[in-house]
Amino acid sequence: MDINKTEQIEAARALIIALESDDEQQAKQQLIILTQSQESELFHEVGKLTRELHESMSNFNVDSRLVDLTKNDMPNTRERLNYVITTTEDAAHKTLGFIDQTLPLASDLKQTAEKINQSWHRFRMKEMSADEFRSLSKEIEIYLPEVTRHSEQIHANLSEMMLAQGFQDLTGQVIRQVINLVEEVENNLVQLVKLASKHRDEEPKKDKQVDAIKAEGPQINAADNPNVMNDQDEVDDLLSSLGF
Amino acid sequence: MKILVVDDFSTMRRIIKNLLRDLGFNNTVEADDGLTALPILQAGGIDFLVTDWNMPGMQGIDLLKAVRADENLSTIPVLMVTAETKREQIIVAAQAGVNGYVVKPFTAATLKEKIDKIFERIDAQ
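For the protein sequence lines, the chains are W and V, in the order given.
Numbering follows my numbering, in which position 118 of the first sequence is assigned residue number 118; successive positions increment by one, without gaps.
Throughout, my numbering is defined as the position within the second sequence, counted from one, plus 1000.
Printed below as a string of structure tokens:
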């Protein structure tokens, strides 16, 4: 029920008169008339909001990309970010491990060199007995091949540390994908906000064509996907099956 | 032997260059995607191409196709070093005429093995 302004003023006047003349029943009746006018406005507003919400919801369903983003890409992104954590963690541990292996090799070389250097100095100052010199020669004989072995090992360890830095490329590719996704979600949300404020008929988007060889960066769940090669051996097998 | 290393990540270019140096290849040049690599290749003097697949601008697979389609470059050996490991991708790369396919993350030994194999085949021809 809707009442206009004049009716509202009349009801208010009648309410005051009724109150002043202690007419309880009349006052109650006028109050009901006044509240009804407010309630009716409220219902009208709620109705409008419901309609807008309904329109937004149907548009939400129409924009399948947004649904797809929420259902598939978001959980996938969690996996991708976890992949970044694991990969960087592995690389850090690998590098630290090789540093742990390399430091004793370097200090071992240094200590023996210092010892031999002192003895050599004494020999040059002619402070060394023949027995001591024989023992020094023995030490040098052992030391020199050790320098070669240790240096080779240090070189190999440094190469491994260098290779471990490849994580930056792998995680970089994954993070780029996440940035693209965040941008897409942002654009879709902006669209959604626009739709919520103004109903628009949009042509349904065409399904994206699936490109089998589209670059995807590192495979996060390679083991779960039979179409993905897990390691170099599998790639080699596939290539040799192609007559490579 | 002059080698062109193409990867959009400078860290990976550095790693590959260092490994190549260990294998005795000291003469390397770099490019960060296919678009910057092509003019370097066309300028001449590149004997070997090592390329990533997933790069902005021009991707490695398109660079490989462009190299094979250019009569001055078509015989350059191409080694792909990439994280792309889908069956279709490897088949397409093989069909496009890639000479070797190394999967990231890789080891120094794998890189050496694939490069050695490529040169063995070239020498046998």
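From the three backbone atoms N, C-alpha and C, an ideal C-beta is built for every residue, glycine too.
Per-residue contacts from residue i into chain W (C-beta, under 9 Å)
{"i": "V/Val1102", "result": "Gln232 and Val235"}
{"i": "V/Ile1003", "result": "Simply none; closest approach about 17 Å."}
{"i": "V/Gln1059", "result": "Ala215"}
{"i": "V/Thr1011", "result": "Gln165, Gly166, Phe167, Gln168, Asp169 and Gly172"}
Proximal residues of chain W, C-beta to C-beta of residue i below 8 Å
{"i": "V/Asp1007", "result": "Asp169"}
Within 9 Å, strictly: CB atoms of residue i and residue j
{"i": "W/Met162", "j": "V/Asn1099", "result": "no"}
{"i": "W/Thr87", "j": "W/Gln153", "result": "no"}
{"i": "W/Leu69", "j": "W/Leu181", "result": "yes"}
{"i": "W/Ile179", "j": "W/Arg80", "result": "no"}
{"i": "V/Asp1033", "j": "V/Val1006", "result": "yes"}
{"i": "W/Phe244", "j": "W/Leu158", "result": "no"}
{"i": "V/Leu1020", "j": "V/Leu1049", "result": "no"}
{"i": "W/Gln177", "j": "V/Phe1009", "result": "no"}
{"i": "V/Leu1038", "j": "V/Met1058", "result": "yes"}
{"i": "W/Lys115", "j": "W/Glu139", "result": "yes"}
{"i": "W/Asn304", "j": "W/Arg65", "result": "No information on residue 304 of chain W is available, as it lies outside the stretch 1 to 244 that chain W covers here."}
{"i": "V/Ile1061", "j": "V/Val1092", "result": "yes"}
{"i": "V/Val1078", "j": "W/Gln232", "result": "no"}
{"i": "V/Ile1122", "j": "W/Gly166", "result": "no"}
{"i": "W/Thr148", "j": "W/Val84", "result": "no"}
{"i": "W/Ser119", "j": "W/Leu144", "result": "no"}
{"i": "W/Glu183", "j": "W/Asp73", "result": "no"}
{"i": "V/Tyr979", "j": "W/Val210", "result": "No statement about residue 979 of chain V is possible, as the shown extent of chain V runs from 1001 to 1125 and does not include it."}
{"i": "W/Thr95", "j": "W/Glu146", "result": "no"}
Supposed close pair residue i, residue j - CB separation, criterion 8 Å
{"i": "W/Gln173", "j": "V/Ala1094", "result": "That belief does not hold up - the Cβ atoms of W/Gln173 and V/Ala1094 are roughly 22 Å apart, past 8 Å."}
{"i": "W/Leu239", "j": "V/Ile1118", "result": "In fact, because the Cβ distance is near 13 Å, the residues do not count as touching under 8 Å."}
{"i": "W/Asp108", "j": "W/His150", "result": "7 Å"}
{"i": "V/Glu1088", "j": "W/Ile213", "result": "5 Å"}
{"i": "V/Met1080", "j": "V/Thr1051", "result": "6 Å"}
{"i": "V/Asn1054", "j": "W/Ala106", "result": "The Cβ separation is near 38 Å, so there is no contact."}
{"i": "W/Ala196", "j": "W/Ala91", "result": "45 Å between Cβ atoms; not a contact."}
{"i": "V/Thr1085", "j": "W/Ala222", "result": "7 Å"}
{"i": "V/Leu1035", "j": "V/Lys1112", "result": "Their Cβ separation, rounded to whole angstroms, is 29 Å, which puts V/Leu1035 and V/Lys1112 out of contact at 8 Å."}
{"i": "V/Gly1045", "j": "V/Lys1114", "result": "Going by Cβ atoms, the distance from V/Gly1045 to V/Lys1114 rounds to 23 Å, so no, they are not a contact pair."}
{"i": "W/Leu15", "j": "W/Ala27", "result": "6 Å"}
Amino acids of chain V, ordered along the chain, whose beta-carbon sits closer than 7 Å to that of residue i
{"i": "W/Gln173", "result": "Asn1054 and Ala1083"}
{"i": "W/Leu239", "result": "Ile1090, Ala1094 and Tyr1101"}
Residue i: contacting residues in chain V (beta-carbon distance under 9 Å)
{"i": "W/Asn227", "result": "Lys1086, Arg1087 and Glu1088"}
Chain-ordered chain V contacts of residue i [CB-CB under 8 Å]
{"i": "W/Phe244", "result": "Ala1094"}
Partners in chain W for residue i, counting only beta-carbon separations shorter than 7 Å
{"i": "V/Ile1015", "result": "Met162, Leu163, Gln165 and Gly166"}
Beta carbon proximity, residue i to chain C, threshold 9 Å
{"i": "W/Met229", "result": "The chain labelled as chain C is not found among the protein chains of the depicted structure, namely W and V."}
Residues, ordered as in the chain, of the region 146-166 of chain W that lie near chain V by beta-carbon distance below 7 Å: Ser159, Met162, Leu163, Gln165 and Gly166
Which residues, taken in chain order from the region 1069-1089 of chain V, show a beta carbon closer than 9 Å to some beta carbon of chain W? Thr1082, Ala1083, Glu1084, Thr1085, Lys1086, Arg1087, Glu1088 and Gln1089
Give, in chain order, every residue of the region 1018-1029 of chain V whose Cβ lies closer than 8 Å to some Cβ of chain W. Asn1018, Leu1019 and Asp1022
Positions along the region 1093-1122 of chain V whose CB lies within less than 8 Å of some CB in chain W: When CB distances to chain W are screened at a threshold of 8 Å, the residues of the region 1093-1122 of chain V falling below it are Ala1094, Tyr1101, Val1102, Val1103, Lys1104, Pro1105, Phe1106, Thr1107, Ala1108 and Thr1110, in chain order.
Contact list for the region 209-223 of chain W against chain V, Cβ threshold 8 Å: Ala212, Ile213, Ala215, Glu216, Gly217, Pro218, Gln219 and Ala222
If contact means a Cβ-Cβ distance below 7 Å, which residues of the region 76-110 of chain W contact chain V? If the cut-off is 7 Å between Cβ atoms, the region 76-110 of chain W has nothing near chain V.
Meets three-Cβ-pair contact criterion under 8 Å: the region 31-40 of chain W and the region 1-15 of chain W: yes
Interface residues of the region 36-53 of chain W facing chain V [CB-CB below 7 Å]: none
Stretch-stretch touch, CB-based, cutoff 8 Å, three pairs: the region 1054-1070 of chain V with the region 224-239 of chain W: no
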